C-alpha cells in the first residue's frame with residue numbers, strides 16, 4: 010500500500026493520467042513546428058551555403074545569415090594578392106537590407122569587436138558554391154573599398 014491505497018489503484022490512476030498529460034502537452038509541442046521545423050513562419054536565420062534561393066535578391070538572404078561574416082577590404086580597384094586594408098567582421102543581425110543588391114551593416118573589428126563604422130555594401134557577386142560574396146562598400150559615407158566576405162575566417 011502506498012498512501013493508504015492499494016498499489017493496483019495507484020497504477021490505474023497513473024495509467025489514466027499519462028494519456029491525459031500527453032493530450033495536453035502534444036498541442037503545445039506541435040504548434041511550435043510544422044513539417045519544416047520552422048513553425049510556419051520565416052526562418053530566423055539561414056546558412057550562407059543555402060543562399061541559392063536568394064540569388065535574385067542577395068541582400069535579403071545575406072541579412073538573414075546565421076554566422077558572422079568575415080571580410081577583406083581592399084583599396085578600390087585592387088584585390089588579392091594585394092594585402093587587405095582592413096579585415097572586419099559583420100554580424101548579419103546588425104545589417105539592414107536597402108534593396109536587393111545593397112545592405113547597410115555595422116562593421117566591427119575582428120580583434121576587439123569594437124564598432125569601426127557603418128558600411129553600405131553593394132553586392133555584385135554572390136557565389137553560393139564558395140559561400141562568398143563580393144562588391145564595393147562605402148564606410149561612414151566617405152571611404153570606398155572593394156571587398157569580399159565569407160563566413161570563414163581568412
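Residue numbers (my numbering): 10 to 163.
Every residue gets a Cβ at the ideal spot worked out from N, C-alpha and C, and that includes glycine.
In this text, all values refer to a predicted model and were calculated from it rather than measured experimentally.
Between the CA atoms of residue j and residue i - distance to the nearest angstrom
i: residue 39; j: residue 79; result: For residue 39, the predicted structure reports a pLDDT of 37, less than 50, and the residue's modelled location is therefore unreliable. The matter cannot be settled from this model.
i: residue 158; j: residue 134; result: 11 angstroms
i: residue 56; j: residue 146; result: 23 angstroms
i: residue 74; j: residue 53; result: 9 angstroms
i: residue 152; j: residue 85; result: 10 angstroms
i: residue 59; j: residue 139; result: 11 angstroms
i: residue 155; j: residue 91; result: 12 angstroms
i: residue 76; j: residue 62; result: 18 angstroms
i: residue 143; j: residue 123; result: 23 angstroms
i: residue 95; j: residue 89; result: 13 angstroms
i: residue 112; j: residue 104; result: 6 angstroms
i: residue 136; j: residue 83; result: 19 angstroms
i: residue 81; j: residue 93; result: 6 angstroms
i: residue 141; j: residue 87; result: 17 angstroms
i: residue 46; j: residue 118; result: For residue 46, the predicted model reports a pLDDT of 41, less than 50, meaning its position is unreliable; a value from the coordinates is still stated below. Their Cα atoms are separated by approximately 35 angstroms.
heavy atom of the ligand SAM below 7 angstroms from residue i C-beta
i: residue 71; result: Ligands are entirely absent from the displayed structure, and the ligand SAM is therefore not among its contents.
Nearest neighbour of residue i, chosen from the options [CA to CA]
i: residue 101; options: 71, 67 and 81; result: 71
i: residue 120; options: 155, 98, 74 and 87; result: 98
i: residue 115; options: 140, 125, 81 and 77; result: 125
i: residue 149; options: 103, 128, 118 and 93; result: 128
Cβ-Cβ distance between residue i and residue j below 8 angstroms
i: residue 110; j: residue 131; result: yes
i: residue 107; j: residue 65; result: no
Any C-beta of chain D under 8 angstroms from that of residue i
i: residue 142; result: This model lacks chain D altogether; it includes just one protein chain.
Every unbroken alpha helix (DSSP H) inside the region 76 to 116 [4 residues or more]: none
Ordered list of beta strand (DSSP E) runs contained in the region 118 to 146, each at least 3 residues: 124 to 136
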